[in-house]
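Some notes on the structure that comes next.
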Amino acid sequence: MQQKRKGRKPLRIAQITDTHLYATPDGRLLGLNTRDCLEQVLRLVRKDTTFDLVVASGDLAHDGSMSAYLGLREQVGQLGIPAYCLPGNHDEAGAIREYLDAGGFHCVRSHLAGGWQQVFLDSTVEGEDGGHLAEGELDALSQALNAHPGLPTLVWLHHQPVLMGSRWLDTMAVDNPDDFFAVIDRHSQVRAIAWGHVHQAFDQRRNDVRLLSSPSTCLQFLPASEDFAVDEIPPGYRWLELHPDGKLQTGITRLEHIPGHIDLAASGY
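Its first residue numbered 1, the sequence shown is counted upward by one per residue in the UniProt record's numbering.
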């Protein structure tokens, strides 16, 4: 039976992604201090006091260190709302479970709230930048969807399951999207799929399913680029409103300026 929320208000989510924190507070990615960037984005989130939860969608620690994850937990914990996380290709999955699955952070398969189900998938492959949804992940997705056929559902993963139109970036997408969408297409309650990894905003549709990505909290990738290229726009986050009737609204909130100097000549990291 679909859950009811008092006043029928939407469930409001802030998606932060690709924070790329380091073990030390002065860690920089192509010139940007990633902890400082995250703190400035979180200040934007704090200005909106109506968020119910945060989803941190991977590449949370650039170096997979304990200190990076504990720093993330401390910074995000200041919001005072639950946070849900999933790993990215730069993360250490074991370290995420050990250091983030506590203190208001949750590393779970699914979450029911606001008349919606959210399902969290692990698209990472050890030692690889690209993504893959293993049979166990697809089975878990099917089971979660079968268990709650009446709940509108938002599916989360780190890697993009569709091509972004950037040659270099699309070599690191989910490599078995047909298997993934075969599951999605069997379940009409799926309203949206959201991911990180691509360091840019994306909002399209596939049939009746919204396809969404979020900017990184640090540097951004230039859309439609053949080779690695950094965009000169500020970081930010995606907000989502999940209405009890299955409607979804979403948008992007950014800083006014890039918090620092980016090495635009870089050919990767």
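Glycine is no exception: its CB is placed at the ideal position from the N, C-alpha and C atoms. Note that the coordinates shown come from a computational prediction; the quantities given were computed from them, not determined experimentally.
Methionine 164 classed as buried or exposed, judged by whether at least 16 other C-beta atoms fall within 10 angstroms: Taking the first residue of the sequence shown as 1, we reach residue 164 at position 164. By the 10 Å Cβ count, methionine 164 comes out buried.
Run through DSSP, which three-state label would glycine 131 get? Residue numbering aside, residue 131 sits at position 131 when the sequence shown is read from its first letter. Here DSSP, grouped into helix, strand and coil, assigns glycine 131 to strand.
Closer than 8 Å by C-beta to alanine 173: which residues in its own chain qualify, once you throw out the five before and the five after it? Chain order, please. Mapped onto the sequence shown, residue 173 falls at position 173. Cβ within range, chain order: Gly130, Gly131, His159, Gln160, Pro161, Val162, Leu163, Met164.
Could you name the residues that DSSP lists as bridge partners for cysteine 85? Position 85 of the sequence shown, counted from the first residue, corresponds to residue 85. Checking the DSSP bridge columns, you'll see cysteine 85 partnered with Ala56.
Length-filtered (4 minimum) alpha helix (DSSP H) runs lying within the segment 158 to 232: The qualifying runs are 167 to 170, 177 to 185.
How many Å lie between valine 198 and arginine 8 at the Cα? As a first step, residue 198 must be located in the sequence shown, where it is residue number 198. As a first step, residue 8 must be located in the sequence shown, where it is residue number 8. Those two C-alpha atoms are separated by around 33 Å.
State the CB to CB distance for the pair leucine 86 and phenylalanine 51, rounded to an integer number of angstroms; the pair is presumed to be in contact (CB under 8 Å). To locate residue 86, count along the sequence shown from 1; it is residue 86. To locate residue 51, count along the sequence shown from 1; it is residue 51. Between phenylalanine 51 and leucine 86 the Cβ distance is about 18 Å, and since that is not below 8 Å, they are no contact.
Going straight from the alpha carbon of arginine 210 to that of glutamine 117, what length do you get? Counting from one through the sequence shown, the residue named residue 210 turns up at place 210. Counting from one through the sequence shown, the residue named residue 117 turns up at place 117. Near 15 Å, if we compare the C-alpha coordinates of glutamine 117 and arginine 210.
Cβ neighbours of arginine 43 in the same chain (closer than 6 Å, five flanking residues each side left out): Numbered from its first residue, the sequence shown carries residue 43 at position 43. None.
Which stretch, first to last residue, makes up the beta strand (DSSP E) that contains glutamate 74? Along the sequence shown, one-based indexing puts residue 74 at 74. For glutamate 74, there is no enclosing beta strand (DSSP E); the residue is found in the alpha helix (DSSP H) stretching over 66 to 77.
Quick test of your reading: arginine 191 and leucine 248, contact by CB under 8 Å. State the CB separation rounded to the nearest angstrom. For the purposes of this step, residue 191 is taken as the residue at position 191 of the sequence shown. For the purposes of this step, residue 248 is taken as the residue at position 248 of the sequence shown. With a Cβ gap of about 5 Å, arginine 191 and leucine 248 count as contacting.
Member of Pro10, Leu21, Val41 whose CA lies at the smallest distance from the CA of serine 214: In the sequence shown, residue 214 corresponds to position 214, counting from 1. Val41 is the residue among Pro10, Leu21, Val41 whose C-alpha sits nearest the C-alpha of serine 214.
Starting from tyrosine 237, trace the beta strand (DSSP E) in both directions and tell me its first and last residue. In the sequence shown, residue 237 corresponds to position 237, counting from 1. Unbroken beta strand (DSSP E) run through tyrosine 237: 236 to 242.
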